[in-house]
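Asker: Sharing a structure below in structure tokens format, with a few things to ask.
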């Protein structure tokens, strides 16, 4: 009897330990993200084989975020953190430092392979890097590939799955762009001259072959002085700018001032940093931006 | 009474001038040492004569096409791997997507012919080489209609690093948008025929600049 019990125990303990071990091994990775588009990118890459955790709660402005104690708790639970790293989420590095995981938590720099461009309309001035690579399709796809590759290295068993998902997602994004470029095909873009409040749309406009004549904010997230605003208004008038893209979720008195001074048409783009974190946010907001772009170009072309 | 002799120094302020000069020299020396000690090497690559910066030197259309080629190169390598592994015998012998496939099936910029393609100069693309041995391919774009636009070359080949190798891609541009396709993509030959290699200012470089890593 005792012999049987001992034998059962001897057989069962390793089996239970193996089960516990495999469960621990099979625990899905927790991948942190700093910005909304990175949530969408990562969620579409990993499917149900990893968990995506936003570093900061929805509803905060990533331009002027102040780290909170809860952020440190979240970062401690992450297996890796996807960052923009080129100026749009510097607060994330403060959180990582404060939590004591600097150098320990793998950071995935989404922009590592992206060829950066300057903030639009910087001609004649010192060129400043535009960190909004995520408001685009081409630079977004480049980041999706970089993230998929890095996640595959962290989780080799799922590397092929991640890569295949990344490719399918990239194809969907390209088809989305193709849908709107088809709408632009018959429109006359020769009279379209735009300015943007925020320097976030350079990558998007450039891939459509469109040029941003002026950016109102002199630097990222910085409102212009009265003198800079007056100079910008002069520039808008001189360059015959007829469309101003403001920010969808940020009211701006400046935009109204400029419209009143210059008579430009006003539209609003999404900066993709508002609302809940969802897998479809990037595609949804990109579609909305492209819809707005087509509407603005059509209005100029048809003289509405 | 013995006359008292007193030497009076001229009121020229020579001594004060010397002291002030010494203090100024001291401050300059300390500053120079501090600047030298805190100097951060630029994270930007030094360009060679036959290279050009994507960030500083390219016009908007060239920049957009360069960025599209950079993103395309990653997926082209994946497509190449799949054709080599799962393709038919014919595909394995010619394991790179054709320009027609990149346009119609992959919908891939800058090869896909849509309004963006038209706005970026309607560049005509050709695949001028496709090898299965050690995997390499060359895509060539010319005939761009925009003022100041370049001709483009995307060269995909394995980069050997000691005993290992990595999938590499380089983009070259030529100031003449109607230049003939090159006979070879060997670096020296391209340089000799006026091609310049485009060097990006990448996110990795900007991270090094920001973080000093």
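Protein chains in written order, with this note's numbering: chain A, 1 to 304; chain B, 305 to 517.
For each residue, glycine too, the CB sits at the ideal point set by N, CA and C.
#1: Check the Cβ of residue 139 of chain A against every Cβ in chain D and list those closer than 8 Å, keeping chain order.
#2: If you pair each beta-carbon of the region 387 to 407 of chain B with each one of the region 482 to 499 of chain B, do three or more pairs fall below 8 Å?
#3: DSSP puts residue 266 of chain A in a beta bridge; with which residues?
#4: Below 8 Å, how does it come out for the region 108 to 122 of chain A and the region 494 to 510 of chain B: are there three or more Cβ pairs, yes or no?
#5: Just how far apart, CA to CA, sit residue 513 of chain B and residue 113 of chain A?
#6: Cutting at 7 Å between CB atoms, please list the residues of its own chain near residue 497 of chain B, excluding the five before and the five after it.
#7: Taking C-beta to C-beta, are residue 281 of chain A and residue 132 of chain A nearer than 8 Å?
#8: By Cβ distance below 7 Å, which residues in the same chain neighbour residue 95 of chain A in space, the five residues on each side in sequence not counted?
#9: Would you verify that the beta carbon of residue 344 of chain B is, or is not, closer than 8 Å to some beta carbon of chain A?
#10: Using the three-state DSSP reduction, which class does residue 318 of chain B fall into: helix, strand or coil?
#11: Residue 473 of chain B: which of B/443, B/396 and B/493 sits nearest, CA to CA?
#12: Pull up the CB-CB distance for residue 61 of chain A and residue 273 of chain A, whole angstroms please, since I reckon it's below 8 Å.
#13: I'd like to check one pair, residue 502 of chain B with residue 358 of chain B: are the Cβ atoms closer than 8 Å?
#14: Assuming contact is defined by CB atoms lying nearer than 8 Å, are residue 53 of chain A and residue 85 of chain A in contact in what I supplied?
#15: Report the CB separation of residue 231 of chain A from residue 254 of chain A in whole angstroms; it is logged as a contact under 8 Å.
#16: Give me the Cβ distance between residue 162 of chain A and residue 46 of chain A, rounded to the nearest whole Å; I'm assuming they're in contact under 8 Å.
#17: Run through chain B and tell me which residues come within less than 7 Å of residue 181 of chain A, C-beta to C-beta.
#18: Can you name the residues of chain A whose CB is closer than 8 Å to the CB of residue 382 of chain B?
#19: Does the region 142 to 150 of chain A come into contact with the region 199 to 219 of chain A, if we say contact requires no fewer than three beta-carbon pairs (one atom in each stretch) closer than 8 Å?
#20: Is residue 196 of chain A near residue 237 of chain A, with beta carbons less than 8 Å apart?
#21: So with Cβ pairs under 8 Å, would you call residue 359 of chain B a contact of chain A?
#22: Helix or strand or just coil, what does DSSP make of residue 177 of chain A?
#23: Could you check what DSSP says for residue 191 of chain A in three-state terms: helix, strand or coil?
#24: Where residue 22 of chain A and residue 286 of chain A are concerned, what is the direct C-alpha to C-alpha distance, given to the nearest angstrom?
#25: Compute the distance between the beta-carbons of residue 446 of chain B and residue 455 of chain B, then report whether it is under 8 Å.
#26: Would you decide whether residue 310 of chain B is buried or exposed? Buried here means 16 or more other CB atoms lie within 10 Å of its CB.
Answerer: On the basis of the supplied data:
#1: Among the chains of the structure shown, chain D does not appear; the protein chains present are A and B.
#2: no
#3: Within the first chain, residue 266 of chain A is the residue found at index 266, counting from 1. Beta-bridge pairing links residue 266 of chain A to A/244.
#4: yes
#5: To locate residue 513 of chain B, count along the second chain from 1; it is residue 209. To locate residue 113 of chain A, count along the first chain from 1; it is residue 113. Straight-line spacing of the CA atoms in residue 513 of chain B and residue 113 of chain A works out to 15 Å.
#6: Translated into the one-based positions of the second chain, residue 497 of chain B becomes position 193. These residues qualify, in order along the chain: 486.
#7: As a position in the first chain, residue 281 of chain A is number 281, starting the count at 1. As a position in the first chain, residue 132 of chain A is number 132, starting the count at 1. No, the Cβ-Cβ distance between residue 281 of chain A and residue 132 of chain A is not below 8 Å.
#8: Numbered from 1 along the first chain, position 95 holds the residue referred to as residue 95 of chain A. Answer for residue 95 of chain A: 55, 67, 71, 72 and 75, listed in chain order.
#9: For the purposes of this step, residue 344 of chain B is taken as the residue at position 40 of the second chain. For residue 344 of chain B, the predicted model reports a pLDDT of 48, less than 50, meaning its position is unreliable; a value from the coordinates is still stated below. Chain A, which has no Cβ nearer than 8 Å to the Cβ of residue 344 of chain B, makes this no.
#10: Within the second chain, residue 318 of chain B is the residue found at index 14, counting from 1. Of the three classes helix, strand and coil, the one that applies to residue 318 of chain B here is helix, per DSSP.
#11: As a first step, residue 473 of chain B is located in the second chain; it is residue number 169 there, counting from the start. Residue 473 of chain B has its Cα closest to that of B/443, out of B/443, B/396 and B/493.
#12: Residue 61 of chain A sits at position 61 when you count from the first residue of the first chain. Residue 273 of chain A sits at position 273 when you count from the first residue of the first chain. At roughly 7 Å, the Cβ-Cβ gap stays under 8 Å, so residue 61 of chain A and residue 273 of chain A are in contact.
#13: For the purposes of this step, residue 358 of chain B is identified with residue 54 of the second chain, where counting begins at 1. For the purposes of this step, residue 502 of chain B is identified with residue 198 of the second chain, where counting begins at 1. It is a contact, given that the beta carbons lie within the stated cut-off.
#14: As a first step, residue 53 of chain A must be located in the first chain, where it is residue number 53. As a first step, residue 85 of chain A must be located in the first chain, where it is residue number 85. Going by C-beta atoms, residue 53 of chain A is not nearer than 8 Å to residue 85 of chain A.
#15: The count along the first chain starts at 1 and reaches residue 231 of chain A at position 231. The count along the first chain starts at 1 and reaches residue 254 of chain A at position 254. Actually they do not touch by this definition, with Cβ atoms about 13 Å apart.
#16: Within the first chain, numbered from 1, the residue matching residue 162 of chain A stands at position 162. Within the first chain, numbered from 1, the residue matching residue 46 of chain A stands at position 46. The pair is a contact, with the Cβ atoms about 6 Å apart (cut-off 8 Å).
#17: As a working mapping, residue 181 of chain A is identified with position 181 in the first chain. Within 7 Å Cβ-Cβ: 418, 419 and 420.
#18: As a first step, residue 382 of chain B must be located in the second chain, where it is residue number 78. Per Cβ cutoff of 8 Å: 163 and 167.
#19: no
#20: Position 196 of the first chain, counted from the first residue, corresponds to residue 196 of chain A. Position 237 of the first chain, counted from the first residue, corresponds to residue 237 of chain A. No, these two residues do not count as a Cβ contact at 8 Å.
#21: Taking the second chain and counting its residues from 1, one reaches residue 359 of chain B at position 55. It does; some Cβ of chain A falls within 8 Å.
#22: Translated into positions along the first chain, residue 177 of chain A becomes position 177. It is helical.
#23: Counting from 1 along the first chain, the entry for residue 191 of chain A is found at position 191. Three-state DSSP puts residue 191 of chain A in coil, outside helix and strand.
#24: For the purposes of this step, residue 22 of chain A is taken as residue 22 along the first chain, with counting starting at 1. For the purposes of this step, residue 286 of chain A is taken as residue 286 along the first chain, with counting starting at 1. Because the pLDDT of residue 22 of chain A is 48, which lies under 50, any placement of that residue in the model is unreliable, and the number read from its coordinates should be weighed accordingly. Near 40 Å, if we compare the C-alpha coordinates of residue 286 of chain A and residue 22 of chain A.
#25: Start at 1 with the first residue of the second chain, and residue 446 of chain B comes out as number 142. Start at 1 with the first residue of the second chain, and residue 455 of chain B comes out as number 151. With respect to the 8 Å criterion, residue 446 of chain B and residue 455 of chain B are classified as neighbours on the basis of their beta carbons.
#26: What you label residue 310 of chain B is simply residue 6 of the second chain in a count that begins at 1. By the neighbour-count rule (16 or more Cβ atoms within 10 Å), residue 310 of chain B is not buried but exposed.
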